[in-house]
Amino acid sequence: MERWLDHGVTPAALLPERIEDALTYLTHALGHDCYERWTIARLKQIFPSLADAKKSKPKIFQLLLDHDEVIQWWAHGRLHTALAADAPQPQTVLAGLLHTHRRRFKIGALTPTVDNQVDEASRWLSLIESRRTDVLLTWLARPGRFVNKDAASNTIDATNDAQALILFLRERASRSPHTLRAYAADLRRLINWARDRGTGPLSDLPRNDLLAYREMLALPRVTTGASGEQKIQRTSDSTQARALAVMASVYQYWFDTGYLVANPASGLVATNASRNTFSPSRFLPPTILAACDQWMVDTNQAQDIAVLRRRAIWTAYRYSGVRLAELAWDALRNLPRVEVDGSGGWTLYVHGKGDKIRAVPLPLSAVAPIRSYRLARGLNPDPSSYEVLPLIHGFKGGALQAGGLYDEIKLIFKSIAERLKATDPGRTALLEAASPHWLRHAYAKALVVDHRVPLPVAQSLLGHASIQTTAAYAKTDLTQLREFVDLSFKQDVPP
Numbered sequence: 006m007e008r009w010l011d012h013g014v015t016p017a018a019l020l021p022e023r024i025e026d027a028l029t030y031l032t033h034a035l036g037h038d039c040y041e042r043w044t045i046a047r048l049k050q051i052f053p054s055l056a057d058a059k060k061s062k063p064k065i066f067q068l069l070l071d072h073d074e075v076i077q078w079w080a081h082g083r084l085h086t087a088l089a090a091d092a093p094q095p096q097t098v099l100a101g102l103l104h105t106h107r108r109r110f111k112i113g114a115l116t117p118t119v120d121n122q123v124d125e126a127s128r129w130l131s132l133i134e135s136r137r138t139d140v141l142l143t144w145l146a147r148p149g150r151f152v153n154k155d156a157a158s159n160t161i162d163a164t165n166d167a168q169a170l171i172l173f174l175r176e177r178a179s180r181s182p183h184t185l186r187a188y189a190a191d192l193r194r195l196i197n198w199a200r201d202r203g204t205g206p207l208s209d210l211p212r213n214d215l216l217a218y219r220e221m222l223a224l225p226r227v228t229t230g231a232s233g234e235q236k237i238q239r240t241s242d243s244t245q246a247r248a249l250a251v252m253a254s255v256y257q258y259w260f261d262t263g264y265l266v267a268n269p270a271s272g273l274v275a276t277n278a279s280r281n282t283f284s285p286s287r288f289l290p291p292t293i294l295a296a297c298d299q300w301m302v303d304t305n306q307a308q309d310i311a312v313l314r315r316r317a318i319w320t321a322y323r324y325s326g327v328r329l330a331e332l333a334w335d336a337l338r339n340l341p342r343v344e345v346d347g348s349g350g351w352t353l354y355v356h357g358k359g360d361k362i363r364a365v366p367l368p369l370s371a372v373a374p375i376r377s378y379r380l381a382r383g384l385n386p387d388p389s390s391y392e393v394l395p396l397i398h399g400f401k402g403g404a405l406q407a408g409g410l411y412d413e414i415k416l417i418f419k420s421i422a423e424r425l426k427a428t429d430p431g432r433t434a435l436l437e438a439a440s441p442h443w444l445r446h447a448y449a450k451a452l453v454v455d456h457r458v459p460l461p462v463a464q465s466l467l468g469h470a471s472i473q474t475t476a477a478y479a480k481t482d483l484t485q486l487r488e489f490v491d492l493s494f495k496q497d498v499p500p
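Have a look at this one:
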């Protein structure tokens, strides 16, 4: 058997050589059962009485009445139970678990080589262009007109844009996966624009080109929908501001570190403009939220694990206000996770923007759907503080990532839209356009407008860097303003 290292502890620890011992190690390391052999004798050994065993392990107890041995094993995000003859071999279960947690468990200690360095560069650049990394690497490998050829003043020792861009991403964007994803998307937009024009690389773009890029971002464009209809769309002010901010940040970093002798993007971006002009506008009306909550009531007795998972996803977004990607599993940080305190209160912990861990208390209404989903996965209803497993599992193994989470919420919107199609086409169209982020806006509005939670508290729950962003939710709602105006001129109302 190959020796595996657990890199989730310091120093890294070797897994036991025997398969059964390695599975026991994983059970303790991951905080949930990985592989268990059950017999009547073992039930008697663990539980005070057979009555207690029947209550705690009903399915296992029932199977052992007619069979000698029952196996429980962890696969595809849940605990499975079967007769020994129908269960997979322990080495198969171990291999699956090690593959699922491959970022934590690795074979031996790898010594860096030239090939590994090439793979490292490809890994970073694949964030920008996942399919043709070699083409992107070739385009970035050329030094542009502004590259500093004096090695003494080039403090990052980069000789081309590929090296310099990787250093920028590692230093400025790698603290948070959300920041890294956003930076990569905006760099992809800039690079594709330059390549389509036959210019580049980035260190060769003059100021006029960057001005043209800024103008391009503001231009409306024609898009074709799924049914063939054409629409004119314009990039939002916040998206434009973010794209320009990333562009300016790259050039400023390159200039400050001596990779460039000049900064062609200097002064092109007005700082904090997007934050000061932020105005949330995508809200779900109370009637639609009520229809969504009714879907939760209608599916309350569901037994299908797919429906139970969908209910748990909806609950997490509806009652925590987290961003889409904040609910995606991060194996290195063991986030997101739910913890239960001594008084029975549930708290969701997520890794948010700015590399910050945020604690969001969950209301009582959120507990039951998550408990039901956990039971369907073969877990205890209340999470243990020692668990190391995805909050939302994937049916093919591992965790459901941001794309899958998005699809699940859209399926709920689609289901409700079908119900309303005949009676309310207006709300149907709104549901078709809605996304999970609208639930974050609904959560923020409930805090700031409906319940008038103090802004610093709402800011903490939402994970906003600036309290101005939180306050913007109050600006977009006329309810409070209307109340103040009505009270101010109440005496002027004619009888």
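So for the sequence shown, my numbering puts the first residue at 6; every next one is plus one. For glycine and all other residues, C-beta sits at the position ideal for the given N, C-alpha and C.
Relative to serine 61, the option among His12, Leu396, Ala100 and Pro386 whose CA is nearest is Pro386. Bridge pairing for tryptophan 79: Leu84 [DSSP]. Residue Arg83 holds the alpha-carbon nearest to the alpha-carbon of leucine 396 among Ala27, Arg83 and Leu452.
The region 397-405 makes contact with the region 301-320: 3 or more CB pairs, one atom from each, lie closer than 8 angstroms. With contacts defined as CB atoms closer than 8 angstroms, leucine 294 and alanine 447 qualify as a contacting pair. Taking all protein chains in view, the Cβ of threonine 475 is crowded by 16 or more other Cβ atoms within 10 Å, so the residue is classified as buried. For phenylalanine 151, the number of other beta carbons within 10 angstroms of its own is at least 16, and it is reported as buried.
Here the C-alpha atom of leucine 416 lies approximately 12 angstroms from the C-alpha atom of alanine 438. When only Cα atoms are considered, phenylalanine 494 and arginine 487 end up about 11 angstroms apart.
Beta-carbon to beta-carbon, valine 227 and alanine 250 are separated by about 27 angstroms, too far to satisfy the 8 angstroms threshold. Scanning the region 32-79 from its first residue to its last, the whole beta strand (DSSP E) runs of 3-plus residues come out as 40-43.
The three-state reading of DSSP puts glutamine 168 in helix, counting H, G and I together.
A distance of 8 angstroms or more separates the beta carbons of glutamate 392 and valine 355.
Comparing alpha carbon positions, the residue from Lys361, Leu394 and Leu436 closest to proline 290 is Leu436.
Around the beta carbon of lysine 450, 16 or more other beta carbons sit within 10 angstroms, so the residue counts as buried. Annotation for tryptophan 9: the continuous beta strand (DSSP E) segment containing it runs 9-11. Judged by their CB atoms, threonine 32 and aspartate 26 are not nearer to each other than the 8 angstroms cut-off. Ranking Asp209, Gln299 and Ile472 by CA distance to the CA of leucine 425 puts Gln299 first. In this structure the region 200-215 does not touch the region 373-384; the number of beta carbon pairs closer than 8 angstroms is below three.
About 10 angstroms separates the beta carbon of serine 179 from that of leucine 172, a gap too long to meet the 8 angstroms contact definition. In the structure shown, glutamine 464 falls within a helical segment according to DSSP collapsed to helix, strand and coil. Pairing alanine 80 with valine 312, the inter-Cα distance amounts to about 19 angstroms. Leaving aside the five residues that flank glutamate 134 on each side, the residues in its chain whose CB is nearer than 7 angstroms to its CB run, in chain order, Leu141 and Arg193. In the structure shown, aspartate 335 falls within a strand segment according to DSSP collapsed to helix, strand and coil. Taking the CA atoms as reference points, alanine 199 sits about 15 angstroms from alanine 270.
Under the DSSP assignment, glutamate 176 falls outside any alpha helix (DSSP H); it carries neither an H nor an E label.
Here alanine 187 has no same chain residue with a Cβ atom under 6 angstroms from its own Cβ, once five neighbours each way along the sequence are excluded.
The DSSP-derived three-state label of phenylalanine 151 is coil. A straight-line Cα-Cα distance of about 12 angstroms links aspartate 242 and proline 225. In this structure, the CA atom of tryptophan 78 is about 35 angstroms from the CA atom of lysine 361.
In this structure, Ala156 is the residue among Arg363, Asp335, Ala156 and Arg247 with its C-alpha nearest to the C-alpha of threonine 262. Burial check for leucine 394: the Cβ neighbour count within 10 Å reaches 16 or more, so the residue is buried.
Looking at the DSSP output, lysine 361 bridges to Gly357.
For the pair leucine 410 and valine 266, the Cα-to-Cα distance works out to about 45 angstroms. Per the coordinates, the alpha-carbon of glycine 113 lies some 15 angstroms from the alpha-carbon of histidine 104.
In the DSSP assignment, threonine 160 falls outside any beta strand (DSSP E) and carries neither an H nor an E.
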